[in-house]
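K.L.:
First residue of the sequence shown: -17, per the working numbering; consecutive thereafter. Ideal Cβ placement from N, Cα and C applies to all residues, glycine included. Keep in mind the model is a prediction, meaning the values are calculated, not measured.
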Amino acid sequence: MKKLLTSKMSFFFVAVLLIWLKSYLIYLTEFNLDIKNGTQEFLLFFNPLSSALIFLGIALFAKGKRVGLWIIVVDTLMTILLYANVVYYRFNNDYITLPTLTQTSNFGSLGSSIVSLVQWTDIFFVLDLIILIALFIWFKKGWSTERISRKKPILVLIIGLIAFSLNLGLAEADRPELLKRTFDRNYIVKYIGLYNFAIYDAAQNIKSSSQRVLADSDDITEVENYTKNKYAEPNPELFGVAKGKNIIKIHLESFQTFLINYELHGEEVTPFLNSLVNDPEQDFTYFDNIFHQTEQGKTADAELITDNSIYGLPQGSAFVTRGTNTYQSLTAILNQHQDYTSANFHGDYKSFWNRDEIYKQFGVDVYFDASYYDMSEENVINYGLKDKPFFEQSMPMLKSLDQPFYAHMMTLTNHHPYIIGDEEASLAPAETGDKSVDTYFQTARYLDESLEQFFNDLKEAGLYEDSVIFLYGDHYGISQNHNRAMKEITGEEITPFKNAQLQRVPFIIKIPGVEGMGTVHKYGGLIDVMPTLLHLVGIDAQDYIQFGTDLFSDGHKEFVPFRNGDLITPEYSVVSGTFYDNDTGEEIEPTEEMIQVRDEALRELELSDKLLNGDLLRFYTPNEDWTPVDPTQYRYGNETGIVPFQLEEQPEKPIDPREPSLEK
-17 MKKLLTSKMS FFFVAVLLIW LKSYLIYLTE FNLDIKNGTQ EFLLFFNPLS
33 SALIFLGIAL FAKGKRVGLW IIVVDTLMTI LLYANVVYYR FNNDYITLPT
83 LTQTSNFGSL GSSIVSLVQW TDIFFVLDLI ILIALFIWFK KGWSTERISR
133 KKPILVLIIG LIAFSLNLGL AEADRPELLK RTFDRNYIVK YIGLYNFAIY
183 DAAQNIKSSS QRVLADSDDI TEVENYTKNK YAEPNPELFG VAKGKNIIKI
233 HLESFQTFLI NYELHGEEVT PFLNSLVNDP EQDFTYFDNI FHQTEQGKTA
283 DAELITDNSI YGLPQGSAFV TRGTNTYQSL TAILNQHQDY TSANFHGDYK
333 SFWNRDEIYK QFGVDVYFDA SYYDMSEENV INYGLKDKPF FEQSMPMLKS
383 LDQPFYAHMM TLTNHHPYII GDEEASLAPA ETGDKSVDTY FQTARYLDES
433 LEQFFNDLKE AGLYEDSVIF LYGDHYGISQ NHNRAMKEIT GEEITPFKNA
483 QLQRVPFIIK IPGVEGMGTV HKYGGLIDVM PTLLHLVGID AQDYIQFGTD
533 LFSDGHKEFV PFRNGDLITP EYSVVSGTFY DNDTGEEIEP TEEMIQVRDE
583 ALRELELSDK LLNGDLLRFY TPNEDWTPVD PTQYRYGNET GIVPFQLEEQ
633 PEKPIDPREP SLEK
């Protein structure tokens, strides 16, 4: 061994071998890459090699013994990238992209989630680095002080590029147009590896950033034609039935549909929500085949989708990366057509997900963030204010709004890692041995109890009967990384098909003066919320660029694109490129019509990306009465120069962020 490592090139090849094998083992043990054939298995093993040769090969240009130090530094950087993705994947079931790294303002609120994802066995991820450092210290004395001949590192880089070309050629043969038309990062990592994915992601972001500069007014035409063609006329019996009514939008954090009517230890997990769904006298309508459609932006994506009928981006969060875009949001439309006041209520601080900036682009009148609430220790857990004090403290603010109002209430407690105190847990945890899954039911029960309290407060305040009230789940709570535990919960193997079906989130709505319709089985997504609400208040959605359609319309389009390119329809699902029969869960051969629907869903996602990346709404005027939102007219919290009020000092009405007499 000593003789073998007396040369710098030998040390280099040991480093290549170690990072290659480590990467492959982590791919196998930490990521769910859904390997389906021998080609994919080979590529998963092979793809770290080209990255190791190219990145570590650059270190060979260093002078003398510094080659060893450079190799260790590069290896360390590759390890950091690899491990950061492991931790990120454990909850998000996804990989870090360049836009997610720009969301640093969120990191302070993510502490408890990150800590819960770190495992003691992770120390083995640096074992190869420890070996390399030890070998370097032991053998560097025998190394030559001369620079390695440039021919050797150049040859290494050429071999690395040949290996990558071979890798990409095999990948394209198995998955045509891999880098041209795919929304699923799992495919990229599976075929070309995590390190090459990081380069691909950077290139994609440079490309998308340039789209705004190059865009012009002609680019909106294709998007407009598509959405106008997809438009569904409103149900004549419901159009305008809620005109002038308050709208209360309740955001159920991480809440999946399987929780509705689910029993744990013989008890209903969500008895109050179950009563809304099951009791006809409550007059709620429950859509049980609604899917969340979010991606890396999670909660922020859900907000973007429901209030704009535009999809989130395939990488990062549009709230952060497209926070200065022009929008024609539900809040602005309601204000301009029917003089609605809009307010968002959230027990976290205003900069999280860049909300304090993008809400101005949406035309949100008032933003009640954490600075308006009592954030003392007993009221706060995990990401922010607990749901019960949140709803209780929100009531005076809600009552202070000018009517009609559009109020967006955002819950927080039912969020990973699902922390709840013993004194507040009214349900015993599940017993799968997976902590996240086990306590998920406890925080969901706490959320359910807080909703019952809030509904009682609304009735007491006289706001219940005359308001449209709707509740929706924003995204999944349990990712694929918990499939073993979820098998115990559901009693079924969690296959890729089954996981896609679990992406259902509830959409439950009460319309004043309209008898509840019980459970409606129509398929739809969060993308359909905005046109549905517009038609209920009597505003035709046809003028506006919206990718969704009215859920109550006979012309509603029942196909649901997922942000990763998957697709759900009432009859079949497309998951990772494979078609499944919804009744049997078995793979099927697609018909020409199925392929056309799949292609239409992919085109819809591409057009939404084109709209966001090119900021195309700045070129679009929906009607002659439309006035573009001026974000400089909106100020929140301390920006107004007025200290947010405390509960014991409630004003008759909230601070008007557009009041001209207030100095910035």
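Can you give me the Cβ contacts of Ala407 inside the same chain, cut-off strictly under 6 Å, excluding the 5 residues immediately before and after it?
P.N.:
Counting only Cβ-Cβ distances below 6 Å, and skipping sequence neighbours, we find Gln424.
K.L.:
Is it buried or exposed, Gly415, if we count other Cβ atoms within 10 angstroms and call 16 or more buried?
P.N.:
Result: exposed.
K.L.:
Helix, strand or coil for Ser199 per DSSP?
P.N.:
Looking at Ser199 - three-state DSSP - the assignment turns out to be helix.
K.L.:
At what residues does the beta strand (DSSP E) containing Tyr505 begin and finish?
P.N.:
That run of the beta strand (DSSP E) goes Gly500 to Gly507.
K.L.:
In the structure shown, what three-state DSSP assignment does Ser(-11) receive?
P.N.:
Coil.
K.L.:
Can you tell me which residues form a DSSP beta bridge with Gly455?
P.N.:
Looking at the DSSP assignment, Gly455 forms a beta bridge with Leu234.
K.L.:
How about Asp420 and His233: are their beta carbons less than 9 Å apart?
P.N.:
For Asp420 and His233, no; Cβs fall outside 9 Å.
K.L.:
From the DSSP output, in three-state form, read off Lys280 for me.
P.N.:
Lys280 falls in the coil class under three-state DSSP.
K.L.:
According to DSSP, what are the bridge partners of Ser324?
P.N.:
Paired residue(s): Tyr388.
K.L.:
Cutting at 6 Å between CB atoms, please list the residues of its own chain near Ser376, excluding the five before and the five after it.
P.N.:
Only Phe327 meet the Cβ criterion.
K.L.:
Among the candidates Arg157, Asn178 and Asp156, whose CA atom is the shortest distance from the CA of Phe146?
P.N.:
Ranking the options by Cα distance to Phe146, first place goes to Asn178.
K.L.:
If I measure Cβ to Cβ from Asn361 and keep anything under 7 Å in the same chain, skipping five residues before and after, which residues do I get?
P.N.:
Cβ neighbours of Asn361 beyond the five flanking positions: Leu367, Lys368 and Pro371.
K.L.:
Select from Ile136, Leu109, Ser126 and Leu80 the residue whose C-alpha is nearest the C-alpha of Ala678.
P.N.:
The structure shown does not extend to residue 678, since the chain is modelled only from -17 through 646, so no value can be given for it.
K.L.:
Extract the residue ranges of the beta strand (DSSP E) inside the segment 503 to 574, only unbroken runs of 3 or more that lie entirely within it.
P.N.:
As far as the segment 503 to 574 is concerned, its whole beta strand (DSSP E) runs of at least 3 residues are 554 to 557 and 560 to 563.
K.L.:
Please name the residue, chosen from Val557, Phe529 and Ile577, that lies closest to Glu568 on a Cα-to-Cα basis.
P.N.:
When each option's Cα is compared against that of Glu568, the closest is Val557.
K.L.:
Is Leu92 helix, strand or coil when you go by DSSP?
P.N.:
Low per-residue confidence applies at Leu92: pLDDT is 49, beneath 50, and the placement is therefore not dependable enough to give any value.
K.L.:
Could you name the residues that DSSP lists as bridge partners for Asn228?
P.N.:
For Asn228, which the question treats as bridged, DSSP gives the partners Ser449.
K.L.:
Going straight from the alpha carbon of Arg304 to that of Leu594, what length do you get?
P.N.:
If I take the Cα positions, the gap works out to 7 Å.
K.L.:
Considering only C-alpha positions, which residue in the set Phe452, Thr477, Lys210 and Phe489 is nearest to Gln528?
P.N.:
That would be Lys210, whose Cα lies nearest to the Cα of Gln528.
K.L.:
Between the alpha carbons of Ile140 and Ile174, how many angstroms are there, rounded?
P.N.:
Looking at the two C-alpha atoms, the distance is approximately 17 Å.
K.L.:
Measuring CB to CB, does Asn564 end up less than 9 Å from Thr551?
P.N.:
Yes, the pair counts as a contact, with Cβ atoms nearer than the cut-off.
K.L.:
Since I believe Phe273 is in contact with Val487 (beta carbons under 8 Å), could you give me their beta-carbon distance rounded to a whole number of angstroms?
P.N.:
Right, the Cβ-Cβ distance comes to about 7 Å (below 8 Å), so this counts as a contact.
K.L.:
Buried or exposed for Ser33, please, with buried defined as at least 16 other CB atoms from any protein chain shown within 10 angstroms of its CB.
P.N.:
Per the 10 Å Cβ criterion, buried.
K.L.:
For a test of the three-state rule: what should DSSP assign to Val251, helix, strand or coil?
P.N.:
The answer is coil: DSSP assigns Val251 none of H, G, I, E or B.
K.L.:
Compute the distance between the beta-carbons of Phe489 and Leu549, then report whether it is under 9 Å.
P.N.:
Cβ atoms of Phe489 and Leu549: not closer than 9 Å.
K.L.:
CB-CB under 7 Å to Asn88, same chain, minus the five flanking residues each way: which ones, in chain order?
P.N.:
Residue confidence is low: Asn88 scores 47 on pLDDT, short of 50, so the model does not pin down where it sits. Its coordinate-derived value is still stated next. If we look at Asn88 and ignore the five residues flanking it on each side, its Cβ neighbours are Phe334 and Trp335.
K.L.:
Exposed or buried, which one is Glu285 when buried takes at least 16 other CB atoms within 10 Å?
P.N.:
Per the 10 Å Cβ criterion, buried.
K.L.:
Considering only residues of the same chain and omitting the five flanking positions on each side of Val49, which have a CB-CB separation below 7 Å?
P.N.:
Closer than 7 Å at Cβ, skipping near neighbours: Lys(-10), Ala41, Leu42 and Ile130.
K.L.:
Determine the direct distance from the alpha carbon of Tyr602 to that of Ala583, and round the result to whole angstroms.
P.N.:
Approximately 23 Å, taken between the alpha carbons.
K.L.:
May I ask which residues mark the beginning and end of the beta strand (DSSP E) holding Ile272?
P.N.:
First-last of the beta strand (DSSP E) with Ile272: Phe266 to Phe273.
K.L.:
To the nearest angstrom, how far is the alpha carbon of Met391 from that of Leu587?
P.N.:
Met391 and Leu587: Cα-Cα distance of roughly 28 Å.
K.L.:
Can you have a look at Pro642 and say buried or exposed, based on whether 16 or more other CB atoms are within 10 angstroms of its CB?
P.N.:
With a pLDDT of only 37 at Pro642, under the threshold of 50, the placement of this residue in the model should not be trusted; the figure read from the coordinates follows. By the neighbour-count rule (16 or more Cβ atoms within 10 Å), Pro642 is not buried but exposed.
K.L.:
From the DSSP output, in three-state form, read off Phe43 for me.
P.N.:
Three-state result, Phe43: helix.
K.L.:
Tell me which same chain residues have a C-beta within less than 7 Å of the C-beta of Ala352, skipping the five on either side of it?
P.N.:
Excluding positions up to five away in sequence, the list reads Gly329, Asp330, Tyr331, Gly366 and Leu367.
K.L.:
Are the Cβ atoms of Leu246 and Leu409 separated by less than 9 Å?
P.N.:
In this structure, Leu409 lies closer than 9 Å to Leu246 by Cβ.
K.L.:
With Ile471 as the anchor, note down where its alpha helix (DSSP H) starts and where it stops.
P.N.:
Unbroken alpha helix (DSSP H) run through Ile471: Asn465 to Thr472.
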